[in-house]
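Heads up: the structure comes next, in structure tokens.
Chains as they are written, first to last, in our numbering: chain X, 434 to 936; chain R, 612 to 930.
Below you can see the structure in the form of structure tokens.
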């Protein structure tokens, strides 16, 4: 209960002011395409130089929390996921916005973010020692199976057919091989100097999601106003709260998946949202509504990606090993004040450690309050004429891609992938499975190669990849996931033929 | 028309070149760091350049721009081929990384593409094992590797970086074959695999290993350097333990400029930058962050680059 003892520190005037600045700034940065949570935190570190360590961390903690949630704004309104965590949010969120339910989508997303986020931080507060062991339990073979589990959901994700979903996944995995391979030292598919660093996930996300949108909007030309203007429905907050509390299954799955996966170093944040989305789809009786503006999909995705915030810091705070890129940036922020994460942090600087964790807890609540406040205003974005919107989104896409690594190369990659995706979408391929392939490819490959290298030197490949309880559990889940997808596919086919026959 | 242009060009050269050297720098200077924000190189670069705006330093601030990718290759390729050589674009170097990469090929730079200015830090590699490991000295490690050739797994931050060089040196000096497992998640990923017991040992940065030891997670068995380090006086060097290993794997960090930068500017920077590193504020921050400083002037760095080039060419020849 030590965290309650240190709660007072957060309420000092300067700390509270920083908390507000961090939360509001984080929401704005998070909503800007291309500015991922990692980047936002890195941008804020120089501002902490002159602050006390605890105050600096309040700023960083609040910003981290709210950028993750802020990413939902552009995902819902513009269909540009601010970070890989928000991909699943676009699937139902943007569809809702197109139906004029943008305000509702934003309210649901902030409420479920807060629920997931608070649960995640509470895990961090109460279960850190237990979680630390769990975070270390995942070695190369387990991460490999986890990536394969991710691959099994590619087919069923937002495509017109399983085969097309799998094909997009394969394209993504191939794109992931481009660049310099850190393990074998080989250069692969580097046709142009802007590819030498491989395809960065953020420009790829922006290109794949935003550019087809922009092209479609331009293609429509200037339609006389009145015909295409979407009416933005007002949505009372009361109804949103009711909706979120009604969807306990989606909320529960999202929060649990987010907390568990978020903990695993190196995988966590990127796939938590997608896995949660897929799981709640499989468990929902209304699974046909997913992808058509169904609130469960949105709630699962958003509760998952905020639930992962707390647990993702466990390896950093207990073992001094940053488990995610954002944690690595936070490590820099701690070191600059001479504070070493690990036991030293909790033993010798409890005021810093607990103030930081408390600020994330309060940050979740503040984020929700501010988010709900802007939801109604932001949803009006849908009323902006399409021609204007296309130009704005294009500008944001270029800005966002460039700012990731200050490189024009990333802008070319973004544009190329975007144009490619525009044509692929014509043929019923979707961006989400492609991006999932791009994310999972390197995880599966690197861990397979590392695992094989270790296995060859020690016990042999078979016992390394198929031995041990955790491996077997993961393999069982993989098989169950495949079996379920096959079964669903067969059942759907059956239903379709019946309908066909009736027509 | 042509004469007019030539005349203008000559006038411009006459008018600007002396002024440029005298007034340099008259606007903020950019420094490219070829690793991501928050990494050790980025973190140290920000600290050592924070006093650049002072009157006794450059008098203008230095802004850090990150160009990460492919183990630093993206940033250094950019600096060698695309950056302006007008003195307003500096770059951070990591030795032995960029020299080893240029020897292995596939990149557009070598030591001849850059002019060093000064060195700020030296982070030696160390050998770590998990806190509960049975190995307590480098001799234990080598004994195991001799008894089980190719079966001792140990991690490091990738290929052709300081850790990999240290691993090669160890295998060569001890005459054993071991299984080096490169991490694609940098030093942090390599350290995690040691702590989690996925591998039996690992080569890692002294600063990160120091933190991990403070947290009670690892034992540090030896330093790949010429002398013991002030952060851990109790850890012996490899040479003390009977292995002929020099400081070729030590990660030297410093500032350089692209070739073609005017000589007056190089001289001016070479004179002011080491003094800027010596600022007490910088030293305090670096020490607090557990980053060992090692200030060298331009001549010393030129010598160090040449030495590394020779050592690494020999070491990497067999790969």
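Where is the CB? At the ideal position from N, CA and C, for every residue including glycine.
On a predicted model such as this, the values are computed, not experimentally measured, just so you know.
query: Cβ-based neighbour list, residue 769 (chain R), same chain, cut-off 8 Å, excluding 5 preceding and 5 following; result: 682, 775, 793, 794, 795 and 797
query: Closer than 9 Å at the beta carbon, the chain R residues around residue 879 (chain X); result: 794, 795 and 796
query: Simplified DSSP assignment, three categories, for residue 637 (chain R); result: coil
query: Own chain partners of residue 777 (chain R) with C-beta closer than 6 Å, once the 5 adjacent residues on each side are dropped; result: 736, 814, 835 and 860
query: Beta carbon proximity, residue 764 (chain R) to chain X, threshold 8 Å; result: yes
query: Residue 862 (chain R) and residue 837 (chain R) closer than 8 Å at C-beta; result: no
query: Contacts of residue 755 (chain R) in chain X (Cβ-Cβ under 7 Å); result: None at all; the shortest Cβ gap to chain X is about 12 Å.
query: Rounded separation between residue 859 (chain X) and residue 608 (chain X) - CA only; result: 20 Å
query: 8 Å Cβ shell around residue 447 (chain X) - same chain, five flanking residues per side excluded; result: 488
query: From X:772, X:604, X:541 and X:554, residue whose alpha carbon lies closest to that of residue 826 (chain R); result: X:772
query: Alpha helix (DSSP H) segment containing residue 749 (chain R), residue limits; result: 749-758
query: Residue burial classification, residue 917 (chain X) (beta-carbon count within 10 angstroms, cutoff 16); result: exposed
query: Given residue 702 (chain R) as reference, the closest of R:713, R:718 and R:677 once Cα atoms are compared; result: R:677
query: Euclidean distance between Cα positions of residue 438 (chain X) and residue 695 (chain X); result: 27 Å
query: Backbone secondary structure at residue 848 (chain R) - three-state DSSP; result: strand
query: Contact set for residue 913 (chain R): own chain, Cβ-Cβ below 8 Å, skip 5 residues either direction; result: 727
query: Contact under 8 Å by Cβ, residue 884 (chain X) with residue 436 (chain X); result: no
query: Pairwise C-alpha distance: residue 805 (chain X) and residue 491 (chain X); result: 22 Å
query: Residue nearest to residue 846 (chain R) in terms of C-alpha spacing, selected from R:868, R:693, R:738 and R:670; result: R:738
query: Residue 734 (chain R): first and last residue of the uninterrupted beta strand (DSSP E) it sits in; result: 725-734
query: Residue from X:619, X:617, X:584 and X:620 with nearest C-alpha to residue 604 (chain X); result: X:584
query: Pairwise C-alpha distance: residue 672 (chain X) and residue 681 (chain X); result: 15 Å
query: Interfacial residues, the stretch 838-856 of chain X to chain R, with Cβ spacing under 7 Å; result: 838, 839 and 840
query: Straight-line gap, residue 790 (chain X) to residue 554 (chain X) (C-alpha atoms, nearest Å); result: 7 Å
query: C-alpha distance - residue 925 (chain R) paired with residue 785 (chain R), whole-angstrom precision; result: 17 Å
query: Own chain residues within Cβ distance below 6 Å of residue 531 (chain X), not counting five before or after; result: none
query: Chain R contact residues for residue 754 (chain X), given Cβ-Cβ distances below 7 Å; result: 799, 802, 803 and 806
query: Beta-ladder partner(s) of residue 677 (chain R), from DSSP; result: R:644
query: Contact with chain R by residue 886 (chain X), beta-carbon distance below 8 Å; result: yes
query: Nonlocal neighbours in the same chain, by C-beta distance under 7 Å from residue 894 (chain X), ignoring five residues either side; result: 885 and 888
query: First and last residue of the uninterrupted beta strand (DSSP E) at residue 833 (chain R); result: 829-834
query: Limits of the beta strand (DSSP E) - the one that residue 701 (chain R) falls within; result: 700-706
query: Bounding residues of the alpha helix (DSSP H) (the contiguous stretch that carries residue 720 (chain X)); result: Unbroken run through residue 720 (chain X): none, as it is neither H nor E.
query: Any C-beta of chain X under 8 Å from that of residue 896 (chain R); result: yes
query: Beta-carbon contacts of residue 941 (chain X) that lie in its chain and below 6 Å, excluding the five residues immediately before and after; result: With chain X running from 434 to 936 in the structure shown, residue 941 (chain X) is simply not present.
query: Cβ of residue 677 (chain R) within 8 Å of any chain X Cβ; result: yes
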